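> Residue numbers (the numbering used here): 1002 to 1486.
1) Look up residue 1461 in the DSSP assignment and say whether it is helix, strand or coil.
2) Which whole-angstrom value describes the C-beta separation of residue 1312 and residue 1085, a residue pair presumed to lie in contact below a C-beta threshold of 8 Å?
3) Given residue 1157, which residues of its chain have a CB within under 8 Å of its CB, disregarding the five upstream and five downstream residues?
4) Fully enclosed by the stretch 1053-1122, which beta strand (DSSP E) runs are 3 residues long or longer?
5) Pull up the distance between the alpha-carbon of residue 1103 and that of residue 1233, whole angstroms please.
6) Could you check where the alpha helix (DSSP H) with residue 1158 kicks off and where it finishes?
7) Please work out which residues of its chain come closer than 8 Å, Cβ to Cβ, to residue 1162, disregarding the five sequence neighbours upstream and downstream, and give them in chain order.
8) Could you please give me the residues that DSSP links to residue 1237 through a beta bridge?
9) Cα-Cα, which of 1159, 1214, 1154 and 1315 is closest to residue 1267?
10) Comparing C-alpha positions only, which one of 1120, 1472, 1187 and 1249 sits nearest to residue 1208?
11) Hey, is the stretch 1291-1311 in contact with the stretch 1210-1227, meaning 3+ C-beta pairs nearer than 8 Å?
12) Specify the secondary structure class of residue 1223 as computed by DSSP and reduced to three states.
13) What do you reckon, are the CB atoms on residue 1453 and residue 1342 nearer than 9 Å?
14) If you draw a straight line from the C-alpha of residue 1459 to the C-alpha of residue 1187, how long is it?
15) To the nearest angstrom, report how far apart residue 1225 and residue 1236 are at their CA atoms.
16) In angstroms, rounded to a whole number, what distance separates the CA positions of residue 1197 and residue 1185?
17) What does the alpha-carbon distance come out to for the pair residue 1467 and residue 1282?
18) Could you pull out every residue in the same chain whose Cβ sits closer than 7 Å to the Cβ of residue 1135, ignoring the five residues on either side in sequence?
19) Would you call the stretch 1357-1370 in contact with the stretch 1436-1447, where contact means no fewer than 3 C-beta pairs closer than 8 Å?
20) At a cut of 8 Å, does the stretch 1351-1359 reach the stretch 1369-1389 through at least three beta carbon pairs?
21) State the DSSP-derived secondary structure class of residue 1195, mapped to helix, strand or coil.
22) Is the stretch 1421-1436 in contact with the stretch 1336-1353, if contact means three or more CB pairs nearer than 8 Å?
23) Closer than 6 Å by C-beta to residue 1294: which residues in its own chain qualify, once you throw out the five before and the five after it? Chain order, please.
24) Distance check for residue 1296 and residue 1348, CA to CA, integer angstroms please.
25) Taking all protein chains shown into account, do 16 or more other C-beta atoms lie within 10 angstroms of the C-beta of residue 1083, making it buried, or fewer, making it exposed?
26) Just list the residues that DSSP pairs residue 1324 with in beta bridges.
27) Take the Cβ of residue 1353 as the centre, count every other Cβ of all protein chains shown within 10 Å, and call the residue buried at 16 or more, exposed below.
28) Below 8 Å CB to CB, which residues in the same chain sit around residue 1330 once its five sequence neighbours on both sides are set aside?
In structure tokens, the structure reads:
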């Protein structure tokens, strides 16, 4: 083979053929054999190849989709694990508070920190248990305290009822204040400000209580005690909705219960307007009255002011107040949606965080269940996917149930029958399977709108610090939900 033939076989064939008189393009002396040309694939075969390629790409995309869905399930498990640790922390917090409460009194049973207190009770209509609230408030085992009842109008049916009930108190000072109607803030805040203006000069601590909250006889001493620490900006209790009394009461209890666990950590703790105590000097230095000037929510404004000042909010387990008042599914829906709308407008970061965490947790549990069932029925995936999804779903449910059980252990350290019964435990624990759907539905319902009805008044929430009264309706003799509801 010539040099040209070694490197340029085509040239060799062309030249050789011509030199020997043969046809052009044939190989002779250089030994080159022209490679056979590959025949073009048939049309049907090409379609099958392209289809297989697309199927491979589709399966790859499906695998990545499943991996992403499993990652969401894992995130929900992590949330559940964090919730479990929070539940353990809550039990320890309550147990420690109960142990330390023995040191709050001296040998004679008197509170070691017992400043002069004014309790402010805003009223609007005759609540289902208002009589019990007034009766318990007049029998607090505490030294010097007085009570100011505050109303929108002297025509409020509660005005005469409260006057009559309080007349039977054994030596506790009390009086009533009529605030009048307002057009630029919530009527509750308007009533509170009128009462604050009437507080006597010698008062050292202000305590706010909702008219539908029935406190125990040591409630006042316990909620005031943390204020002995100058670093404490406010002390707060919380509400426990009892599950007994029908389906609506059970749903309300399950919806409200998770918020109680938030009280364990300082970062997520907040003031509950139904039972909050502050030093009077702190109330004035933080300019709470200014924060309330055009607001709708009293407790959100107090929470933000206290935290902005770098002060602590202390949750007092002994100030946990059981609520036995009855509701309906419609009443619960209106109440819960109103709470979330207020949060969305007045504390949007908290609302968004709640929506995100709720969506991730509920979504993770739902996805795990769907993947498990779908793979087990061979709709998609393999047995390995069914097993993995089943394990994740079981973990999410078990972690949620464990957190609910821990919450029940904690509240039983401060509440007893009939305030907490087996119905509360059953509702709380079983709610692990369905409460998430209630939360998600309510979050969705609260995504739009700025108008709410609270008691007999319709409001528009213009901004976190601006409220407009739209309409007033006739005030009935009884009210289903308290002013803090």
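Even for Gly, the Cβ is constructed at its ideal location relative to N, Cα and C.
Fair warning: this is a prediction, and the values are worked out from it, not measured in the lab.
Let's see:
1) Look at residue 1461 here: in three-state DSSP terms it is strand.
2) Not really, about 30 Å apart at Cβ, beyond 8 Å.
3) Around residue 1157: 1124, 1125, 1126 and 1476.
4) You should have found no qualifying run.
5) Cα-Cα distance, rounded: 20 Å.
6) Counting along the chain, the alpha helix (DSSP H) containing residue 1158 begins and ends at 1158-1167.
7) Excluding residues within five positions, the ones whose Cβ falls inside 8 Å are 1127, 1131 and 1132.
8) In the DSSP output, where bridge partners are listed per residue, residue 1237 has 1277 and 1316.
9) Of the candidates 1159, 1214, 1154 and 1315, 1315 places its Cα closest to the Cα of residue 1267.
10) Residue 1208 has its Cα closest to that of 1120, out of 1120, 1472, 1187 and 1249.
11) Using a Cβ-Cβ distance cut-off of 8 Å, the stretch 1291-1311 and the stretch 1210-1227 are not in contact, since fewer than three pairs of beta carbons, one from each stretch, lie closer than that value.
12) Of the three classes helix, strand and coil, the one that applies to residue 1223 here is helix, per DSSP.
13) Against a cut-off of 9 Å, the Cβ pair of residue 1342 and residue 1453 comes out as a contact.
14) Answer to the nearest angstrom: the Cα atoms are 10 Å apart.
15) Just so you know, the alpha carbons of residue 1225 and residue 1236 end up roughly 7 Å apart.
16) Rounded to the nearest angstrom, the two C-alpha atoms are 18 Å apart.
17) Here the alpha carbons of residue 1282 and residue 1467 stand approximately 26 Å from one another.
18) Only 1163, 1166 and 1167 meet the Cβ criterion.
19) Because the criterion of three Cβ pairs below 8 Å is met, the stretch 1357-1370 and the stretch 1436-1447 touch.
20) No, the stretch 1351-1359 does not touch the stretch 1369-1389.
21) Shown here, residue 1195 sits in a helix according to DSSP, grouped into three states.
22) The stretch 1421-1436 makes no contact with the stretch 1336-1353; the number of CB pairs closer than 8 Å stays below 3.
23) Spatial neighbours of residue 1294 in its own chain (CB-CB distance under 6 Å, excluding positions within 5 residues in sequence) are not present.
24) The straight-line gap separating the alpha-carbon atoms of residue 1348 and residue 1296 is approximately 12 Å.
25) Under this definition residue 1083 is an exposed residue.
26) Per DSSP, 1242.
27) Counting C-beta atoms within 10 angstroms of its own C-beta, residue 1353 has fewer than 16 neighbours from the protein chains shown and is therefore classed as exposed.
28) Cβ neighbours of residue 1330 within its own chain (closer than 8 Å, five residues either side excluded): 1248, 1249 and 1252.
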